[in-house]
Every structure is written in structure tokens, then in C-alpha cells.
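Written below as C-alpha cells is the structure these notes are about.
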Amino acid sequence: MSTENSTQKPFTIAIVGGGIGGIALAIALRHQHVPVQVYEAAPEFAEIGAGMAFGPNAIRSMELIDPAIRKAFNTRATKNGAKEDEATWINFRCGLGEPDLIAKVQTTDHDKTGLSSVHRAHFIDELADLLPEEIAHFGKRLVGLATLDSGKMQLAFEDDTTAHADAVVGCDGVRSRVRQFLLDTKSPLEDLTFSGKYAYRGLISMGMAKEALGEYLSGNSQMYLGPEGHILTYPIAHGKVMNVIAFKNQDTPWEHESWVVKNQGDAFKRDFEGWGKPVQSILQLLDSPDQWALFDHQPARTYCQGRVAILGDAAHASTPHQGAGAGQAIEDALILGRLLGDVQTQGASDIPAAFRAYDAVRRPRSQKVVTTSRAAGLTYAFQGPDGGDVAGIQEELLQRFQWIWEEDMESQLAQATTMLRGERQVAVGTGRGLVWGWAAVWKQVLEDLVSRVLVFIRGSR
Ligand SMILES: Cc1cc2nc3c(=O)[nH]c(=O)nc-3n(C[C@H](O)[C@H](O)[C@H](O)COP(=O)(O)OP(=O)(O)OC[C@H]3O[C@@H](n4cnc5c(N)ncnc54)[C@H](O)[C@@H]3O)c2cc1C
Numbered sequence: 001m002s003t004e005n006s007t008q009k010p011f012t013i014a015i016v017g018g019g020i021g022g023i024a025l026a027i028a029l030r031h032q033h034v035p036v037q038v039y040e041a042a043p044e045f046a047e048i049g050a051g052m053a054f055g056p057n058a059i060r061s062m063e064l065i066d067p068a069i070r071k072a073f074n075t076r077a078t079k080n081g082a083k084e085d086e087a088t089w090i091n092f093r094c095g096l097g098e099p100d101l102i103a104k105v106q107t108t109d110h111d112k113t114g115l116s117s118v119h120r121a122h123f124i125d126e127l128a129d130l131l132p133e134e135i136a137h138f139g140k141r142l143v144g145l146a147t148l149d150s151g152k153m154q155l156a157f158e159d160d161t162t163a164h165a166d167a168v169v170g171c172d173g174v175r176s177r178v179r180q181f182l183l184d185t186k187s188p189l190e191d192l193t194f195s196g197k198y199a200y201r202g203l204i205s206m207g208m209a210k211e212a213l214g215e216y217l218s219g220n221s222q223m224y225l226g227p228e229g230h231i232l233t234y235p236i237a238h239g240k241v242m243n244v245i246a247f248k249n250q251d252t253p254w255e256h257e258s259w260v261v262k263n264q265g266d267a268f269k270r271d272f273e274g275w276g277k278p279v280q281s282i283l284q285l286l287d288s289p290d291q292w293a294l295f296d297h298q299p300a301r302t303y304c305q306g307r308v309a310i311l312g313d314a315a316h317a318s319t320p321h322q323g324a325g326a327g328q329a330i331e332d333a334l335i336l337g338r339l340l341g342d343v344q345t346q347g348a349s350d351i352p353a354a355f356r357a358y359d360a361v362r363r364p365r366s367q368k369v370v371t372t373s374r375a376a377g378l379t380y381a382f383q384g385p386d387g388g389d390v391a392g393i394q395e396e397l398l399q400r401f402q403w404i405w406e407e408d409m410e411s412q413l414a415q416a417t418t419m420l421r422g423e424r425q426v427a428v429g430t431g432r433g434l435v436w437g438w439a440a441v442w443k444q445v446l447e448d449l450v451s452r453v454l455v456f457i458r459g460s461r
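No gaps in the numbering here: position 430 of the sequence shown is 430 in full-length UniProt numbering, and each next residue is one more.
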């Protein structure tokens with residue numbers, strides 16, 4: 001746990017939401033000696049029983065936030081079982097007929113990260129242990145946010161209590177209330193779009209998975225591709241459990257009020273009728289799994305306004321097709337934590353400038369993850385630019401993830417702090433830092449624009 005000392009910053013940040021993003025930010029702020037309080041709607045920090053994978057960018061960010069996070073991750077992380085798959089992210093295979101290999105996608109980092117996965121509930125427990133109990137407030141569902149005459153923020157909760165802070169960061173997930181206040185939308189659902197896919201999620205004991213699939217397919221990450229669907233499996237919990245997510249297209253709008261529909265009987269088996277043997281074996285082991293609708297955000301015009309900012313899924317909820325959403329939340333926490341802890345930050349008046357630098361550096365990259373993730377989902381279901389052409393899909397998969405994993409996080413940090421310090425230089429009459437900072441950000445924006453145009457051109461080929 002980070003220690004408090006006399007170098008504490010003279011302002012307090014309120015974090016709304018204690019998921020992976022909120023907790024990572026709280027740890028980051030404490031590491032930077034920024035006083036922080038976390039307000040979580042649930043009765044405790046909790047996650048669902050399912051797996052989650054992290055790429056090299058996310059793991060590097062954990063280390064840079066606080067080596068204690070990386071250590072916590074390491075105690076829970078599971079990698080592929082086979083030596084040959086140590087650096088493998090996913091073995092992409094044909095889902096119909098024989099499970100022929102389409103592409104073995106591997107990370108190229110020094111640590112051979114490959115697919116490093118955790119059981120969500122176990123990991124959140126490890127992270128929560130890094131925070132002192134007194135900063136966490138449970139049963140606090142945010143319903144109102146107001147700026148007081150003093151400039152401070154007032155948070156109002158469903159239980160009729162209030163709290164105050166110098167600034168607020170909304171880490172309250174895909175249906176974020178803080179985002180609603182910040183972007184002035186009528187409802188948290190207004191800028192969410194059904195992605196045209198839902199997923200069945202399940203956990204299978206590795207003993208049973210091995211019996212049905214054999215040691216190699218069960219103990220190493222696989223994705224089975226086919227028309228209008230794909231199935232992902234990978235080991236978690238130190239190889240004791242196989243995590244399964246089966247994705248299926250739905251052309252019609254999502255009509256259910258809830259995003260999670262229970263008791264769908266054998267619907268999941270009908271959804272994959274005619275698929276190959278490994279897929280059938282996996283489905284046999286699932287027991288009427290829930291159906292989860294997948295939504296993503298339309299791009300927000302900003303991640304901050306005055307003394308309010310949003311982070312993680314609240315800012316850029318994505319479909320999960322590149323396994324990158326939580327990793328982006330951790331990158332956000334690294335950058336925002338460091339900006340708020342910047343040595344030159346003297347008081348609360350600097351916070352909006354820190355938020356603006358965070359927005360400028362984080363928005364282009366995290367929104368690109370959202371758009372490219374959608375495109376990946378199409379490719380997996382044979383609806384990408386190459387349709388069902390295996391050679392084309394292979395070529396795309398082998399280069400799809402590198403830009404996410406190979407991000408230079410130190411350089412992102414440097415850009416962000418250069419911008420913040422540049423704003424200060426402008427305030428005192430010199431602006432070189434700001435010019436360089438903005439030049440770097442515009443370069444990223446232009447690269448993003450070019451890649452979107454290329455995706456569009458390929459899509460309309
Ligand atoms: C099927 C699936 C698979 C995925 N797999 C991966 C993967 O392998 N790798 C990866 O990186 N990402 C993955 N993701 C994405 C990842 O789950 C999310 O990006 C990540 O959990 C977001 O974390 P967060 O902290 O921003 O939001 P959340 O985890 O949603 O946390 C939000 C928190 O805010 C609280 N809250 C909500 N509203 C309020 C309120 N009004 N007041 C107070 N508290 C509130 C909630 O209770 C919750 O604790 C996957 C997503 C899905 C759907």
C-alpha cells in the first residue's frame with residue numbers, strides 16, 4: 001500500500017465507481033500523494049466470475065502506476081500451458097469442420113506476455129487490498145453532480161447523502177451517470193449503440209475441458225471463427241478453469257430491457273448448430289449460460305469539463321473483440337494519475353488543465369480501440385473486408401493488435417506532462433512545451449483519421 005506523507009497535494013479527488021478503472025486510478029493517485037475518496041454503488045468492490053486478458057501495454061501501465069499492481073497481477077496471472085504458446089495471444093482457428101489454424105497471433109515483447117489472463121473477481125480483490133479501507137464508501141450510487149460557488153464539486157447519492165471534493169472522475173462504467181452530466185445527455189443510454197452481437201459466458205473446470213478437448217486446445221488460448229459468430233476459450237485461475245465466451249450476431253435491435261438475459265435454455269446450442277467438433281464439445285459443457293448484449297459508445301466529444309472527467313468504460317466502452325477495454329482503463333489511470341500528481345500542480349486551479357491534457361492524449365487512442373474492436377468483431381464473423389477468405393483474415397489478424405500492445409507508455413506520459421507544463425508556460429508567457437505537446441497530439445489524431453479512412457475504404461471494397 002502506498003504511504004501518505006507531508007507532500008500530500010492540497011486537493012481531494014472523488015472517484016465515482018470502484019471497478020478496475022476506478023481502483024487503478026485510486027492506487028495511482030495515492031502513489032502520487034493525491035488525496036482520494038472512492039464512491040461505489042455496490043456493497044463492496046466486486047467483479048463477475050469470468051476471465052479477463054491483458055496485453056503488454058496494460059501490464060506495462062500497471063508497473064508504471066505502482067509496481068504493487070504489477071505484483072498483484074503476477075500473483076493471479078495465468079498464461080498458456082504449452083511452451084510453444086508462451087507468447088501466443090490467440091490461436092485463431094476455423095470453427096467449422098476441422099479446427100485448422102488460421103493465425104497464431106503472438107506478442108513480440110521481451111516478457112513474452114502472450115495472453116496473460118486473470119479471474120476478474122480474484123484480481124479485483126488483489127487490487128482492493130492495495131487501498132486503505134477508509135477511502136472506500138459503499139452503497140453510494142451517484143445521482144447528482146453540481147459545482148458550488150467555491151468551485152468545489154458536490155456529489156449527491158441515491159441514499160440522500162452528499163460528499164464534496166475538488167474534482168470528480170467518473171469511473172462508473174458503460175452506463176455512466178458522470179458521463180451523462182459531463183456530456184449533458186438525456187440518459188446514460190443516449191450515446192450507446194447495440195453492436196449487433198451478444199455473448200454467452202461460462203467457466204468450465206479444466207479437468208472436464210481437457211477430457212472433451214484434449215490438453216492442448218483446453219490449456220491454450222483459442223478462438224474459433226465462423227459465419228456470424230466466434231468462440232473464445234483460454235485458461236484462467238492458474239490453469240484450473242477454462243474461460244469461454246461465445247459471440248453471436250443479432251441483426252435486429254436489442255429489445256430486452258436488461259442487457260443480461262437469463263434462462264435461454266438451449267438457445268446457445270442452436271446458435272452454433274453445424275459448427276465443428278471442438279465447438280460442440282465446449283457447448284456441451286456449458287449449463288444454460290446467460291446472454292450478454294454488447295454495446296459500445298459513440299465517440300465522446302471530450303473526456304472532461306471543468307473539474308469533472310471520465311475514465312475507462314465511462315469514457316470509451318468498447319466491444320471486447322480485441323481484449324483491450326480494461327487495458328485502456330489502466331492506461332487512462334496511469335496518465336491521469338501522473339498528471340494530477342504532477343510536481344508543479346500547486347492547487348485545485350490546475351486540475352482543469354490536467355484534465356485537458358489527459359483528454360488530448362487519451363481520447364484519440366482509446367476511441368480508436370472502440371472502432372477497431374467493432375471491425376475485429378466483423379472479421380471474426382467472416383463479415384470483414386476479406387469475408388471468409390482465410391488468407392486475407394490471416395493477414396489482417398497478424399497485424400491487427402500490434403499498435404495496441406506496442407504503445408510506448410513512457411512517451412504517452414511525457415506528451416501529457418509536456419502539455420500540462422506547456423499550459424503553465426503559456427500562462428507565464430512562453431509556450432514551447434504546449435506547441436510540442438499539441439503537435440504530438442495532432443500527429444496521433446491525423447494517424448487515427450488516416451486509419452479510419454483506410455478501414456472505410458477497405459470496408460466498401
Ligand atoms: C464479454 C466481455 C469480455 C471482456 N474481456 C476483456 C478482456 O479480456 N480484456 C480487457 O482488457 N477488457 C475486457 N473487457 C472490457 C472490460 O470488462 C471493461 O473495459 C472494464 O471492466 C471496464 O472497467 P471500468 O472500471 O471502467 O468499469 P466497470 O468495471 O463497469 O466498473 C464500474 C463501477 O462503477 C460502479 N457504478 C456504476 N454506476 C455507479 C454510480 N452511479 N455511482 C457509483 N458507482 C457506480 C459499478 O458498480 C462498478 O463497480 C470485456 C468486456 C466484456 C463485456
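Just so it is clear, CB atoms sit at the ideal spot from N, CA and C, and this is done for glycine as well. As the structure is a prediction and not an experimental result, all values here were calculated from the model.
Leaving out the 5 sequence neighbours to the left and right, which residues in its chain are closer than 6 Å to residue i when beta-carbon positions are compared?
i	result
glycine 144	Ala156
valine 370	Asp296, His316 and Ser318
alanine 41	Arg141
histidine 164	Lys152 and Gln154
aspartate 386	Gly392 and Ile393
tyrosine 224	Arg93, Gly95, Ile231 and Val279
leucine 334	Ser61, Leu64 and Ile65
tyrosine 380	Leu225 and His230
residue 469	Outside the displayed range of the chain (1 to 461) lies residue 469, so it cannot be described from this structure.
glutamate 158	Arg141 and Val143
By Cβ distance, which residues of its chain are closer than 8 Å to residue i, with the 5 residues on each side in sequence left out?
i	result
glutamine 280	Phe272
serine 258	none
aspartate 359	Thr302, Tyr303, Cys304 and Ala309
valine 260	Asp290, Gln291, Trp292 and Ala293
By Cβ distance, which residues of its chain are closer than 7 Å to residue i, with the 5 residues on each side in sequence left out?
i	result
aspartate 172	Val16, Gly17, Leu142, Val178 and Ala314
lysine 104	Thr88 and Asn91
glutamine 8	His33 and Pro35
glycine 22	Ile15, Val38 and Cys171
asparagine 263	Ser288
glutamine 322	Val369, Thr372, Ser373, Ala376, Phe401 and Ile404
Between the C-alpha atoms of residue i and residue j, what's the straight-line distance to the nearest angstrom?
i	j	result
glutamate 396	glutamine 298	24 Å
glutamate 86	leucine 183	43 Å
isoleucine 245	aspartate 350	44 Å
glycine 265	serine 205	21 Å
leucine 413	leucine 217	39 Å
threonine 372	alanine 326	15 Å
valine 390	alanine 376	14 Å
glycine 274	glycine 81	29 Å
glutamine 383	arginine 374	11 Å
phenylalanine 138	phenylalanine 268	36 Å
tyrosine 303	glutamine 328	14 Å
glycine 19	isoleucine 330	11 Å
lysine 197	serine 176	21 Å
glycine 207	glutamate 215	9 Å
aspartate 287	alanine 121	20 Å
glutamine 284	alanine 324	29 Å
aspartate 332	valine 361	9 Å
glutamate 211	glycine 219	11 Å
leucine 378	threonine 193	16 Å
threonine 78	leucine 311	27 Å
alanine 58	tyrosine 234	18 Å
Apply the 10 Å Cβ neighbour rule to residue i and answer buried if 16 or more other Cβ atoms are within range, or exposed otherwise.
i	result
isoleucine 48	exposed
serine 366	buried
proline 253	exposed
leucine 340	buried
asparagine 74	exposed
proline 43	exposed
glutamate 410	exposed
aspartate 160	exposed
valine 174	buried
residue 463	This structure does not reach residue 463, given that the chain is present from 1 up to 461, and the question cannot be answered.
threonine 162	exposed
histidine 119	buried
Residue range of the alpha helix (DSSP H) that residue i falls in?
i	result
alanine 317	Counting along the chain, alanine 317 falls outside any alpha helix (DSSP H), and DSSP gives it neither H nor E.
methionine 271	The question names methionine, but residue 271 is aspartate in the sequence shown. Segment 267-271, the alpha helix (DSSP H) holding aspartate 271.
glycine 229	Premise fails: glycine 229 lies in the beta strand (DSSP E), 229-236, not in any alpha helix (DSSP H).
glycine 377	351-380
How far does the beta strand (DSSP E) with residue i in it reach, from first residue to last?
i	result
alanine 146	142-147
tyrosine 198	192-205
tyrosine 224	222-226
glycine 170	167-170
lysine 71	Premise fails: lysine 71 lies in the alpha helix (DSSP H), 67-76, not in any beta strand (DSSP E).
Could you tell me whether the stretch 40-59 touches the stretch 184-191, using the rule of 3 or more Cβ pairs below 8 Å? Between the stretch 40-59 and the stretch 184-191, the count of Cβ pairs shorter than 8 Å is below three; the stretches do not touch.
May I ask you to verify whether the stretch 26-41 touches the stretch 63-73, counting CB pairs closer than 8 Å and requiring at least 3? In short, these stretches touch, since the Cβ pair count reaches three.
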